[in-house]
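Positions in the sequence shown are counted from 1; adding 953 to them yields the working numbering.
Think of the CB as a built atom: it goes at the ideal place given N, C-alpha and C, for glycine as much as any other residue.
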Amino acid sequence: MKIAILGYGTVGSGVFEIVNSNAEGLARRAGQEIEVKYVLDLRDFPGDPVEKVLVHDYSVIANDPEVDIVVEVMGGVEPAYTFVKEALLKGKSVCTSNKELVAKHGAELLEIAKQKKVNFLFEASVGGGIPIIRPLNQSLTADEIEEITGILNGTTNYILTKMRDEGLDFDTVLKDAQAKGFAERNPSADVDGFDAGRKIAILTSLAYGSQVDYEDVYTEGITKITENDIAYATAADAAIKLFGTSKSVDGKIYAMVAPKLIGKEHPLYAVNDVFNAILVRGNFLGDVMFYGKGAGKLPTASAVVSDVVDAAKHQGVNIMTIWSNKKQQIADKATLATKFFVRVPEAEKAAAEKLFKIEKVMTAEGVTGEFAFLTAEMAEGDFEKAAEQLNVLNRIRAEL
Ligand code: HSE
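Shown next, in the form of C-alpha cells:
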C-alpha cells in the first residue's frame, strides 16, 4: 500500500517517522506493507531521509494510480481542500489531522468518499492522539448522545493550570507558554476559543449527523479569567476549565465554548496541563471519558497512522459516517439553564441579593472589596438581563 504525505511539518514528519519505524507492526495490522511513496512540501530538507521521496508538485501524487492513501497534514483550508477533494475524486482515501478542513468541508468530503467507495478519515482532527472520532462513529452507536463535554485545547488548559498552580496572571503565563512552544506567537485561535469551537463543531456534527457550522457555536475564551477568579475557585476546591460542550435538551441542540467552574467530583477536574479529555454521555451508556495528549507531533501522528491502517483495511469499502450537509440548527443559549459564579463590587451586594437566587456565597483568601456568589440554576437569558443591572466584575458558568 503506497501512501503520500502532504506537508512535512510537525505532524507530517511524525507520520513519516511512525510509518518507517513501526513498519512491521503496521503491516501486520493493516494486512499489507505500508510504504511512503511521496512527501509533498514546498521546502527542501537536505540530509533528511525524506529527501528520497520529496516532491514539490501535487499533481505527481494526484496522477499516480499507485498511491491509494493520501495523508493531509498541511493545515488550513486551502490548498488542503482542493488537494483532498481531487484525491478522493481520483479514488484515493484521505486521512487528515486538519480540523479547519474537516469543520468546514467534512460533510462534502465524506459524501465524495462514499460515492467513490473510499474513505475520508479524520481521527487526529479532534483531541490529537485521543481516539474520539472512531468511538463516536463506530462504538457509541447504540445510544442517543445527550452531551459531549471536552477539554479540547491543550494550550488553554496548560495556561489555566499554570495560573492556578503558580498564582500567575494570564499575560505572564501566556508569555511563558509562548517561550516554551506551548502557545503560538498569535495565540488567538487557542485563547479566544476558536480552536475548541471547530473541534466541538466536528464532534456535534458526528453526534447528531448533520452540519454544525462553527460560526454558530457561541465562543468565549480564557482571556478574561483573572487571578481573583482562580483564587475563588481554589478556595472552593474547584477549578476553571475551558469546555467545548454540546447538549441535546428536549430535542434542541446547544453548543458552546466557554470557561466553566467545576468541582473536584467532576470527571474533567483532574485533566491538567496540555492534556485533553472528552466526556460523552449516552442515554443508555451513561458517561464515558477519553483522556490523553490532544496535540504534539507523535500523539497526533499516531492518530493519523491509525486512520491509514483503517483505510488500508477497508480498501474498496466505505466506512459509513453519518454527517449530512443539512444544517444543524443550534438553539439560542438564552434558554439553556446553568449556574453562574459571579463577582460584583461589595457595594452591589444588596442589589445582587435582590436580583439572583444565591445558592452559595463564595470567598477567597486575600480578595477584598467584592461580593462573589454562585447562583442557582437559571436560564442564560434571564441571567444576562439581571446581570446588566450590575457592574459585574466577571461571571463564569459553573457546575458545582
Ligand atoms: N493548539 C491546539 C491545542 C493544537 O492547543 O490543543 C491541537 O489542535
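Where residue i falls: helix, strand or coil (DSSP)
i: K1045; result: coil
i: M954; result: coil
i: P1088; result: helix
i: L1127; result: helix
i: Y1207; result: strand
i: L1121; result: coil
i: V1224; result: coil
i: A1351; result: strand
i: V1241; result: strand
i: Y1315; result: Note on residue identity: the sequence assigns Met, not Tyr, to residue 1315. DSSP places M1315 in strand when its eight states are reduced to three.
i: T1172; result: strand
i: K1266; result: helix
i: K1177; result: coil
i: V1144; result: helix
i: I1275; result: coil
i: P1032; result: coil
i: E1218; result: coil
i: Q1342; result: coil
i: L1093; result: coil
i: K1310; result: coil
i: R1138; result: coil
i: V1257; result: helix
i: A1189; result: coil
i: N973; result: helix
i: G967; result: helix
i: I1083; result: coil
Residue burial classification, residue i (beta-carbon count within 10 angstroms, cutoff 16)
i: S1046; result: buried
i: F998; result: exposed
i: G965; result: buried
i: N1106; result: buried
i: F1307; result: Note on identity: in this sequence residue 1307 is Lys, with Phe being the wrong assignment. With fewer than 16 other Cβ atoms within 10 Å, it is exposed.
i: V992; result: buried
i: E1076; result: buried
i: S974; result: exposed
i: P1252; result: buried
i: D1021; result: buried
i: K1280; result: exposed
i: N1072; result: buried
i: A1130; result: buried
i: M1273; result: exposed
i: A1329; result: exposed
i: K1292; result: buried
i: Q1068; result: exposed
i: A1287; result: exposed
i: A1359; result: Limits of the chain in this structure are 954 at one end and 1353 at the other, which puts residue 1359 out of reach.
i: E1333; result: buried
Identity of the residues DSSP links to residue i by a beta bridge
i: P1212; result: L1195
i: P1298; result: E1323
i: E988; result: K955
i: M1331; result: T1291
i: K1246; result: F1228
i: F1073; result: V1047
i: G1103; result: G1197, I1231
i: V1023; result: A957, V1047
i: Y1167; result: Answer is none; Y1167 lacks a bridge partner.
i: K1280; result: Q1164
i: I1098; result: G1235
i: V1202; result: K1205
Nearest to residue i (by Cα), restricted to the options the options
i: P1212; options: R982, V989, D1145, K1302; result: D1145
i: L979; options: M954, D1240, S1141, S1078; result: M954
i: I1153; options: I1178, I1349, I1086; result: I1086
i: S1201; options: E1301, G1162, A957; result: G1162
i: G1174; options: N975, R1348, I956; result: R1348
i: A1351; options: L1327, L1105, L1089; result: L1327
i: L1113; options: R982, F1228, I1311, K1266; result: F1228
i: V1030; options: L1041, A1040, V1055; result: V1055
i: A1186; options: G1134, G1082, L1353; result: L1353
i: E1301; options: A1340, T1274, F1336, G1269; result: A1340
i: L1089; options: L1159, I958, D994; result: L1159
i: Q1096; options: D1240, V1314, E1337, N1344; result: Sequence check: residue 1096 is Asp here, not Gln. Measuring from the Cα of D1096, the nearest candidate turns out to be D1240.
i: L1074; options: I1083, I1101, E1025; result: E1025
i: F1324; options: D1143, L1346, A1290; result: L1346
i: D1203; options: L1127, E1100, V1023; result: E1100
i: R1151; options: G1103, F1036, L995, T1094; result: G1103
i: I1283; options: D1263, V1170, V1258, K1217; result: V1170
i: G1322; options: F1243, A1149, V1297; result: V1297
i: A1208; options: E1168, I1014, L1063, A1189; result: E1168
i: F1243; options: A1290, G1082, I956; result: G1082
Worksheet item: Mind pulling the alpha helix (DSSP H) runs of 4 or more residues that sit fully within the segment 994-1024?
Response: 1011-1015
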